[in-house]
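Notes follow the structure.
Protein chains in written order, with the numbering used here: chain P, 2 to 287; chain Y, 2 to 287; chain E, 2 to 287; chain F, 2 to 287.
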């Protein structure tokens, strides 16, 4: 397409819409991960951070990782992407055990969202937890999804589970505990969102198995090709990315709603209007 | 729902989302028409204005109404909502002829959009003209939709039809003519959008007609009840409202895209960030 | 993907879903046009047929083409795809006039649907005419859409416009006239659907034009490359295809609704259950 | 609306579409539960059955309920809707403990789908497990969702987790185990679907709690009104209904696809064409 604006061709309107012509170039300069980082470095400072919290029998205990402070550096300090060094070693050992056996193991990934705006999504038809659940359940090998207190929350009573409100030193309404996982009634409340995902072991194993063909003949199969001993660390950026995609959509919707048609800004807390320009940059995960 | 924020109830998040609790009250204070007017009075100043351009055989000639200046006052100065006083009288006379006969007549409504942002909608799957077409074709009694040069444009050649670009005194890229109707390649270009809609005469007539029942029996029917001699003036706010609904959605999407993730603001012209608060007010169509 | 069904891989479920693995092969064997023809040759016998009804000033008069009998053979008997031989010659002559000038002309395409099932689509939010309108308005170069009596219907009175019902010799409820264009209240009534589409002349012309660049510099452009003197005959299969896509979706929805959950088959007329297998075949437009 | 078909009114097309006029009457005669039962009694015989599998600390062990044979009668034989009489008593006792305390407890519901057709939903964008996850996560008080081997499956290795295929005595391809939960690669494989849902305890408790008002004042609240000691049995029909809604949509889509446009019926197993008429009946849950 020409950088000339030819009469009655859409050269001009494409520029007005996208500010760029070459989709190819755009994708090269703006990988999804960059979107994620830019998202994080916006004035809102929303961060989407995932880490490996389980490899087979090695389960990171609840509370060992501080969600207020856990950083990308801590997570990326080891090959299994677990922010706790001691448990990271145990996980690496667990993978080593099965590495040569061709018998893969599964595990779990925890994903948190810090500094998300309040008011994202809606109370009945498209709850934020339902959208996040669908997004995450769309990744391969997932068998379960929980957020906030999750399955463990079923062992609490109402008194133990309720998150009491208070007004913090900045005059913002907060909850003292966060069993709601940052979402109440389908809408974000500004607390840290946390969710946990179960990955089954992958299906390609190094062992003869009985299979059936399309023609219903039974035969034996010994799979060749790559075997992943544990996909957890590789699933992690997928979880981060799909959670960020859900949130970016809602961030844009929220910005449109609250900045163009605000009703009660004292309650709604519109996003800061000083979001930085989304510039291509050399930010890549190590 | 309480104005107290009960623990682990969504009282707080509803406020964070909507800034208001009583949906009923909200609807009373914010009629769709008010949305339309507020939309117009935003700093962007987008205006959606419709007028009756045809009643049966009385057709307002193209160009008689100046789309740069036509105002709500002109349109509302007579009962048929036609901004040209001479044609308004002819239209009223045409309706008078059929008023007592119980033989309704149809006509046409023209709708324009002034000061819409550039860059609304997309080039392939959900073109702005396609969305507007679907929206307008969803109103009752519509048999046709055209925008820009419309059906009449088929009688022009390419040389006659092309809209040449120029740079205006404010440094903005404009077109000298506007046969594109403010939309090129599915995306708004900032020129005035104009579209025209055909209304059939309504089906309820004061005359015996042969009908069939559900049981396939033929019988005669003489309809009773209200007869509209001409629905054009009453269709007009429906056309305005549905066009505004399409545009408000796109305005919010554009605001989210260009203000949160701008790529090239020189080309994209992000909306002004000083949109006024959307306050309930006593603005009603006379 | 293997024709073996490997344990816990989705080989088997893909076959259960699609009955085929190679998407590439599928697309080669099943061009959209074939879908269209298969659609026509089903036991329902729904046919989607488009023809050129206008080239610039040459306008096929209403009623000259008999929609009950017009055939693909008649349409394909000449290069402009107009079923009336006399008007086809006039259209070819009109194109010849501009062919060497590099000044393209537009026109109109009429599309009819014969033997569509009754009951397609819904009365309020996704009317059949609204869906067809959006689909057709998504094609390039379209400036207008009308169906049934269309813009011309605005010159009729209610008495002239109404379609009276009767019961035909097969006991089916029909209308004597068809100004509704086969759709009433958003839902198909089994009569022939007819719609007409306006194409503007294409924008690429062989003449120097003033243009503006992205940097807002004014300059002259003389376009090189292909010039279409008239795109009408080439738009025709696009109109047919997009109308068929809308209808195939609704045909499947209708089949699911009326055959799985019938309420009153006497009124609803479920589709025949003896639809033929959708086999790849060598049917191609000449 | 008249049972007469008035000219150019949509009386006739509404009947052709719906076979019924009175939406009110329709809803009365066809409660959602009836849809569910009719769904079950179709020739396909798809059954959606949910039961309470956890009340607070009382957790029904995996495998205690036989999903091949568990029946509605077994589930409805006690007030907590648990098909195992011994565990039902324990659950009732657990609820009795908290009934008068005003300190509610949560738990879990298991839902299975028997005899669903093969081939429902799609491999990438709208996987069946993702749709079911979103649907179920839209119910109130849900904190987690798992299907097939679920979170427990993360403790297995690939060899332990894989479901081997075989051809059964009817020549149908089956899996010997069902850790996939009836869904592989986003598509149903005809085995029993099973999913489990975590319900948090409800938030209304009989105890003074610190709350915050909209004006950010801290105060004490003692909730009055109804207190549910345990919502599990009442959530159960909601889980059944929303799972059935997802499946009915896909059943209709599958019927449209495979019966109208079959590609390879040997692999796809089109639904039987002899689905019974969906008649209102007096089937109600006891």
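Where a beta carbon is used, it is the ideal one built from N, C-alpha and C, also for glycine.
Straight-line measurement puts the Cα of residue 55/F at about 13 Å from the Cα of residue 87/F. For residue 180/P, same chain residues with a beta-carbon under 7 Å away, outside a window of 5 residues either side, are 149, 150, 154, 162, 164 in chain order.
The Cβ atoms of residue 247/P and residue 133/P lie closer than 8 Å to each other. With respect to chain E, the C-beta atom of residue 109/F has no partner C-beta closer than 8 Å.
For residue 190/E, the number of other beta carbons within 10 angstroms of its own is at least 16, and it is reported as buried.
Its chain contains 119 as the residues whose beta carbon lies nearer than 6 Å to that of residue 270/Y, once the 5 sequence neighbours on both sides are disregarded; these appear in chain order. Neighbourhood of residue 268/F in chain E, by CB distance below 8 Å: 16, 17, 20, in chain order. Around residue 46/E, the same chain offers 116 as residues with beta carbons nearer than 7 Å, after the five sequence neighbours per side are excluded. Under DSSP, residue 184/Y takes part in a beta bridge, and its partners are 189/Y. Close to chain E, meaning a Cβ-Cβ distance shorter than 7 Å, are the following residues of the region 190-214 of chain Y: 199, 200, 201, 202, 203, 204, 206, 208, 210, 211, 212, 213.
Judged by DSSP secondary structure, residue 75/Y falls within the alpha helix (DSSP H) whose first and last residues are 73-76. Against chain P, the CB of residue 159/F has a partner CB under 8 Å away; the residue lies at that interface. Note: residue 199/F is bridge-paired with 109/F, 145/F in the DSSP secondary-structure output. A distance of 8 Å or more separates the beta carbons of residue 71/P and residue 92/P. At a beta-carbon threshold of 8 Å, the residues of chain Y lying near residue 162/P are 9, ordered along the chain.
Legend: CB atoms of the region 223-253 of chain Y lying less than 8 Å from CB atoms of chain F belong to residues 224.
Residue nearest to residue 107/P within the set 258/P, 16/P, 237/P is 237/P (criterion: CA-CA distance). Per DSSP, reduced to three states, the secondary structure at residue 58/P is coil, with no helix or strand assignment. For residue 213/P, there is no enclosing alpha helix (DSSP H); the residue is found in the beta strand (DSSP E) stretching over 210-214.
Assigned with DSSP and collapsed to three states, residue 156/E falls in helix.
The alpha-carbon of residue 9/Y is positioned some 51 Å away from that of residue 232/Y.
At a cut-off of 8 Å between beta carbons, residue 101/F makes no contact with chain P. By a beta-carbon distance limit of 8 Å, residue 213/E contacts residue 174/Y. Their separation comes to about 5 Å. Residues of chain P whose Cβ lies closer than 7 Å to the Cβ of residue 261/Y are, in chain order, 252, 253, 256, 276. Counting only the Cα atoms, residue 17/F lies some 44 Å from residue 84/F. Chain order gives no chain P residues near residue 96/F, where near means a beta carbon separation below 7 Å; the closest approach is about 12 Å. Secondary structure of residue 235/P (DSSP, three-state): helix. The beta-carbon distance between residue 110/E and residue 198/E, rounded to whole angstroms, is 5 Å. This is short enough to meet the 8 Å contact definition. Around residue 264/E, the beta-carbon contacts reaching into chain F at under 7 Å are 19, 20, 21, 279.
The three-state reading of DSSP puts residue 176/P in strand, counting E and B together. Residues of chain F whose Cβ lies closer than 8 Å to the Cβ of residue 13/E are, in chain order, 166, 174, 185, 190. Taking C-alpha positions only, residue 73/P is separated from residue 50/P by approximately 7 Å.
The closest CA to that of residue 222/P, considering only 229/P, 230/P, 209/P, is found on 209/P. DSSP places residue 138/P inside the alpha helix (DSSP H), whose first and last residues are 129-138. Separation of residue 97/P and residue 158/F (C-alpha to C-alpha, rounded to the nearest whole angstrom) is 14 Å.
In this structure, the alpha-carbon of residue 211/E lies about 24 Å from that of residue 143/E.
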